[in-house]
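Chains as they are written, first to last, in UniProt numbering: chain A, 1 to 373; chain B, 1 to 881.
See below for the structure under consideration.
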C-alpha cells in the first residue's frame, strides 16, 4: 500500500523584483521553508517517497549556496526523494544537477532522474517512470517512452513528468513539452505525477498536477498545495489528498471605485486580510480628496500588517468635491489650479495632473508639513 | 469722503478753540509761517483718527507746560451722502463720540467704525505706528516723506488688495504664495531650475544605469554560459556518435583496397617502362639507318646539282667574254679623244704665251721711254742746281752779321746827328779867289761845317782863326761818335764789304741763289728721287728688258692654226677627255678581273662535278646502298610490333586510372587523419568547456542576474516614482505660477491705468509700471530704463505723489474714502516740474479732497483756489458751530 507525496515547481532561486527588498527576501525564504514543510508532511503522513515533478530550480545558474540549501531542506524526510528535471532545470550536459553532484550536496536518499527510464523503489513498492527534460524545450511527448518501460508486476507504476497536457491547459502554459492527455491509461500507469502548472489540478482520475507548494505569482489558481497519494496495489484507484503547504497567500484585486460605499467595502476587505497575504491591488474609477486620504490611511495600516501590498492607481482619478475644496481653503487662483488639474486628468498629462492634485491637496491640508510624498 | 470742518482746542499752540471751516471738497491750500500751527493741525487730524482716545502716549498734543489740558479734536465730514461727526478728547478728559447720519456711537465702537471706514488699525499698545496706518498712511504724506512710498504701500497692502478684489471681483488666494513656495521647494528637491534631475532623483538615474549595465553584463554572460552548455551538448553527442560508429575504420578498409589496386598497376607501369626503353633504342637505330640511306641517295642528287652548276658557270663565262669588244672599243675612242684634247691644249697655251709676250714688250718700251724723258729732265735740273749752288757760294754772307752791321750803322748815324746838333756850325761864303783853309782843308765858295773840335780857319791873307766849340757833352759825343765809327768799320772789314749797302745787296743775292737751289733740288727729286745714277740704271735695265723681250718674241712661233680655242675652253675639254679615258681604263680593268673570276669558277665547277661523277659511278657505293636498304626494312617491322604492344599496355594502365587511385589513397588517409583529429578535438573541447562551465556555474550567474534585476527593478520603481512626482510638481508649479501671474496681471490693470494717467501728465513719454506687490517699479522714459528707486530725490517725490494719487483713484473706484493730506510737499521740485505737478493735483482734486499744508503760499498761487491763512484765522474770533 504505497503512499507518496506528489509535488512540483519549487522554482528554487527565484527572486521577486516587484517587491520591496524586505518582502522579496521573505518570499524567497518561504520557498526554502516550503521544502521543509513538505519533508515534515511526508514524515507526518508516513509517505514512502516524495516525487518532485520538475522545476526544482528556477534556473540552471543558481548559486552554490542555493543548491546546498535545497538539498539540506530535504533532511526532514529520510525516505527516497525522486527529483525530476523540468524546463527550468533541464538535465543538460552541464546543469544545475551536474553541479549539485560535483558539490556532493545530494544526499543518498535523494535520487536525481537525469535520464529517461525507470527508478525502481522495490522496498517502497514503487516503479517511477521518469521523463526528464534533457533539453530546455522539446516538442515531442517525452512520456511516450513510458509505453515501452516494463516494470515488475508487484510494483505500482507511477509516471513522473513535466509539461503541458495537450489540449487541456490554457495557452499561458508553454506549448512546448507536450504530454498526451491519455498518457496514464495508454502507458498503463497507476498514477501520473505532473509538474509545470503551478496550481493544483486534476486531469483525470490518475493524472494530477500538484502545483507549487508556495505560490510565486498572482494567479488565483489554487497554488500552495502538495498531494498525498495513496494506491492500495497496482491497478487500484489512487486516493489523492491535497494538503495546503503555503506560507503566504497571493491575492490580486481589481477594484473600480465610484461611490463612497465602494471605498468603505475595500477598506473592510483590506482589514480582513490575514497577515500572510501578498496583495496586488489595482484601482480604477474616481475618488474624492477625502476618500483618497482615507484610502491612503487604510493602505498604510495594511502595509504595516500584511506581508506586501502593491497598489496601482493610475486609472483612479482624483475628483475633488466642493467640500474638498472648501476644506482645503483653496481660495483665489488655487481654486482655479485645482479645477485645471481635475480637468487635466482626462488628457495626456492625466497621471501628472492626478499626482499634482494629490500633492496640492497635501500641501493645503498641512501647510507646514514636511513632505507630501 | 469730504472733510468739512475741523476744530481743535487745547492742542499745542491752539489753547483756545481754532476752527477750520468751509473746507473745499476739492483742493484746499492751508498756509502759515513756521510755528503758526500748520503741522499741529495735521497732527490733530492724524490723532483724531489713529490714536486711541484713551491713549497715554499723546502727551505731545498738550499745550506747552499745561499738563492738565484735555486736547480735543472735532471733525465733520461727509461720505457717500452721510454726515459723519467725530469728537475725540484725550488725556484729562478721554472721550470719543461719533455720529453717522442720525446714529451715535461712542468710545471703542466709535473708533472701530472710523477705522473700518478709512481702512487702518489701532495699535494694541502705546501710540499709533506707521504699520497700522493703512490707507491713510498712504494718502497722508508727512513732511519730507513723500518719496518713501514702499513701506506705506506695504502697510496698506491688505486694504489695497481688498479694494482691488472688489474691483476685479476675484480673490487673490490667501495662502497661494505659501503654496507656491512649498511646491517650489518640493520641486527643487528633485529638479534643478532648468528641469534637470538633481539630488536623489539624479542619483537614482545614475544608479539605474549602473544596475542596467550589470544586468546587461550578466545577461550576456548567462547567454554565453547557455551557449557553451549547448555547445557541450552538441559536441558530446557528436563525440559519442563517432565513438559508436567508428567511421575511420571504414575509411581504413577503403584505403587498403585502393593501395592493393595501385600496387598491381605499378607493376604494369614498370613493364611498360622497360618496353618503352627498348622501343626507344629501336627507334634510334631506325632513325640512324634512315639517315644513312637518305645520305647515300642524296649523292646522286648532288651530282646533278654540280652538273648544273658547271653549266651555269660556263654560261656566265661566255656572256662575259662576249662583252670584250665593247670595252676595248671604248678604251681606244677615249684615248684618241684624249690625245686630240691634249694637242689643242698645247696650241692654246702657245698662243696665250705669245700674246702675253707682246703685251710685256709694249709695256717695257713704254717704261723705257718714260725713264729716258725723266733722265733728260733730271740732267737739266742738275745744271740749274749747280748754277744756283755756285751763285750761292759766291754770295755767301753771314746774314746775322749783316743785320748787326745794319744796327751799328744806324747807331752811328744817330751819333752823328747828335754831334751835329751840339756842334758849332761854321758856314761860310767866300769871295771868289779867296784862299782859305779849315784845319788845313781848303775851302771855297759857300759851305758849312760842323765843328766838334777845335778847328783852325785860315784865310789866306787874312790870317788864322782858331775856333773852339763849347759845351759839356761835346767831348763825350765826340768819343761815342769815334767809337761807333770804329765799330762800323770793323764790321765792314769782317764782312769784306765797303759799305753797309753793299752788304745788303750781297745778302739779297745770296738769298735768291738759295731759293733757286732749293727749287732745282725739288724738281730733281720729283724726277729722280733716288738720284740720277739710279735713274740711269733703271733706264738701262728697261732698255735691256725690252731688248730681251723683242728677242723672245722673235723666237716665239707664230700661231698657224686658225681654230685654236681659248685656253680655258681647251683645258675643260682636256679634263673631260681625261676622265673619260680613266673611266674607260677602269672598265677595262674590271672587265678583265671578272673574266678571270668567271674562268676560275667555271674551272672549279668542272673539277667538282668531275670528282663526284667519278665517285658515284663506283661499285662499292652501290653495294653499301643495297645493304642499308635491307636493314632499314627489318628495323621498321620490329618497331611496329613493339609499338603495338606498348600501346595496348598503355590503354590497360589508363583504364585503371592510377592517378585517381593515388588521389583515393590520399583522400582516405586524410579522412582517417581528419576523423581522428576531429574526435580528439571534440574530446579536448568537451574537457575545456566542462572546466569553463564548472567555473562559471559556481558563480551562480542566473541567480546573480535575478538579484541584479531586483536591484534594477527597485531602483527603477523608485526612479519612476520620483519621475512621476517631478512631473507632477512641475505641472503643479507651472499651473500655480501661471494662474498667479494671470491674476496679478488682472489686479495690476486698474492701478496701472490710473498711474499711466498721471505719469503722462508729468512726462509725456514715460511709463511707470506696478510690480506684483502693486508697488511702483520699473520706470521707463524714452530709452531710459530703471527702477523708480534709482531716480533723483525730487523725481522720486513726484513719482511718490503720483502713485498715491493713483492709489486714491483706485480706492475711489472701490467706493473707499479718499482724503489726501500733503504737508509741505514737493519742496524739491523745480519750477517746470512743480507746474506739471500742479496740473496733476488740480486734476486729482476734481475727484478727491486734498489738503495741502505749506509755508510757501507763493509757490502755490496758481492752484486756482483761495489760500487759507492760519495766522489770519487765529486772529478772527471763532465762529460758533
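Even glycine gets a Cβ: it sits at the ideal position worked out from N, Cα and C.
{"Item": "Whose C-beta lies closer than 8 Å to the C-beta of residue 292 of chain A among residues of the same chain, with five residues either side of it excluded?", "Value": "318, 358, 361"}
{"Item": "Once DSSP output is grouped into helix, strand and coil, what is the label at residue 874 of chain B?", "Value": "helix"}
{"Item": "Grab me the residues of residue 763 of chain B's own chain with a C-beta within less than 7 Å of its C-beta, minus the 5 sequence neighbours each way, in chain order.", "Value": "781"}
{"Item": "Can you give me the Cβ contacts of residue 369 of chain A inside the same chain, cut-off strictly under 6 Å, excluding the 5 residues immediately before and after it?", "Value": "Reliability fails at residue 369 of chain A, whose pLDDT of 46 lies under 50, so the model's placement of it is uncertain and the value that follows must be treated cautiously. Cβ neighbours of residue 369 of chain A beyond the five flanking positions: none."}
{"Item": "Do residue 844 of chain B and residue 808 of chain B count as a contact pair if the criterion is CB distance below 8 Å?", "Value": "yes"}
{"Item": "Counting only C-beta atoms, is residue 759 of chain B closer than 8 Å to chain A at any point?", "Value": "no"}
{"Item": "With 8 Å as the C-beta to C-beta threshold (strictly closer), list the residues of the stretch 240–255 of chain B near chain A in chain order.", "Value": "none"}
{"Item": "Do you know offhand how far residue 289 of chain A's Cα is from residue 321 of chain A's?", "Value": "7 Å"}
{"Item": "To the nearest angstrom, report how far apart residue 64 of chain B and residue 90 of chain B are at their CA atoms.", "Value": "15 Å"}
{"Item": "Give the secondary structure of residue 754 of chain B by DSSP, where H, G and I count as helix, E and B as strand, and everything else as coil.", "Value": "helix"}
{"Item": "Excluding the 5 residues preceding and the 5 following residue 374 of chain A in the sequence, name in chain order all residues of the same chain whose CB lies nearer than 7 Å to its CB.", "Value": "Outside the shown range of chain A, which is 1 to 373, sits residue 374 of chain A, and nothing can be said about it."}
{"Item": "Using a Cβ cut-off of 8 Å, which residues of the stretch 301–335 of chain A contact any Cβ in chain B, in chain order?", "Value": "329, 330, 331, 332, 333, 334, 335"}
{"Item": "Do the CB positions of residue 36 of chain A and residue 76 of chain A come within less than 8 Å of each other?", "Value": "yes"}
{"Item": "Are the C-beta of residue 138 of chain A and some C-beta of chain B separated by less than 8 Å?", "Value": "no"}
{"Item": "Residues of chain A with CB closer than 7 Å to the CB of residue 225 of chain B, please, in chain order.", "Value": "61"}
{"Item": "At what residue ranges does the stretch 787–831 of chain B contain a whole run of the beta strand (DSSP E), taking only runs of 3 or more?", "Value": "819–823"}
{"Item": "Of the residues B:384, B:862, B:820, which one's Cα is nearest the Cα of residue 139 of chain B?", "Value": "B:820"}
{"Item": "Would you verify that the beta carbon of residue 101 of chain A is, or is not, closer than 8 Å to some beta carbon of chain B?", "Value": "no"}
{"Item": "Grouping DSSP H, G and I as helix and E and B as strand, with all else coil, what is residue 379 of chain B?", "Value": "helix"}
{"Item": "Taking 8 Å as the CB-CB cut-off, is residue 222 of chain B touching chain C?", "Value": "The question asks about chain C, but that chain is absent: this structure's protein chains are A and B."}
{"Item": "Closest Cβ-Cβ distance between residue 129 of chain A and chain B: below 8 Å?", "Value": "no"}
{"Item": "Rounded to the nearest angstrom, what separates residue 885 of chain B and residue 286 of chain A at their Cα positions?", "Value": "With chain B running from 1 to 881 in the structure shown, residue 885 of chain B is simply not present."}
{"Item": "On the three-pair Cβ rule with 8 Å, is the stretch 822–829 of chain B touching the stretch 128–146 of chain B?", "Value": "yes"}
{"Item": "For residue 27 of chain B, does the count of other Cβ atoms within 10 angstroms reach 16, so buried, or fall short, so exposed?", "Value": "buried"}
{"Item": "Examine chain B for any beta-carbon lying closer than 8 Å to the beta-carbon of residue 355 of chain A, and answer yes or no.", "Value": "yes"}
{"Item": "Can you confirm whether residue 374 of chain A, when its beta carbon is compared against all beta carbons of chain B, has any partner nearer than 8 Å?", "Value": "In the structure as shown, chain A begins at 1 and stops at 373. Residue 374 of chain A is therefore absent and cannot be evaluated."}
{"Item": "Classify residue 574 of chain B as helix, strand or coil using the three-state DSSP reduction.", "Value": "helix"}
{"Item": "Any C-beta of chain A within less than 7 Å: which residues of the stretch 709–725 of chain B qualify?", "Value": "709, 710, 713, 714, 724, 725"}
{"Item": "What's the call for residue 18 of chain B, buried or exposed, on a 16-neighbour Cβ count within 10 Å?", "Value": "buried"}
{"Item": "Is residue 688 of chain B close to chain A? Criterion is C-beta to C-beta, closer than 8 Å.", "Value": "no"}
{"Item": "Answer with buried or exposed for residue 48 of chain A, where buried requires no fewer than 16 other C-beta atoms within 10 angstroms of its C-beta.", "Value": "buried"}
{"Item": "Using the rule of at least 16 other Cβ atoms within 10 Å of the residue's Cβ for burial, across every protein chain shown, is residue 10 of chain B buried or exposed?", "Value": "buried"}
{"Item": "To the nearest angstrom, how far is it from the Cα of residue 372 of chain A to the Cα of residue 183 of chain B?", "Value": "Low local confidence applies: a pLDDT of 38 at residue 372 of chain A is under 50, so the model's placement there is unreliable, and no value is given."}
{"Item": "Could you check what DSSP says for residue 582 of chain B in three-state terms: helix, strand or coil?", "Value": "helix"}
{"Item": "Looking only at its own chain, which residues have a Cβ that is under 7 Å from the Cβ of residue 791 of chain B, when we skip the five neighbours before and after it?", "Value": "779, 799"}
{"Item": "Please report the Cβ distance between residue 177 of chain A and residue 121 of chain A, rounded to the nearest whole angstrom; I am assuming they are in contact, meaning their Cβ atoms lie under 8 Å.", "Value": "Incorrect: roughly 25 Å between the Cβ atoms, too far for contact."}
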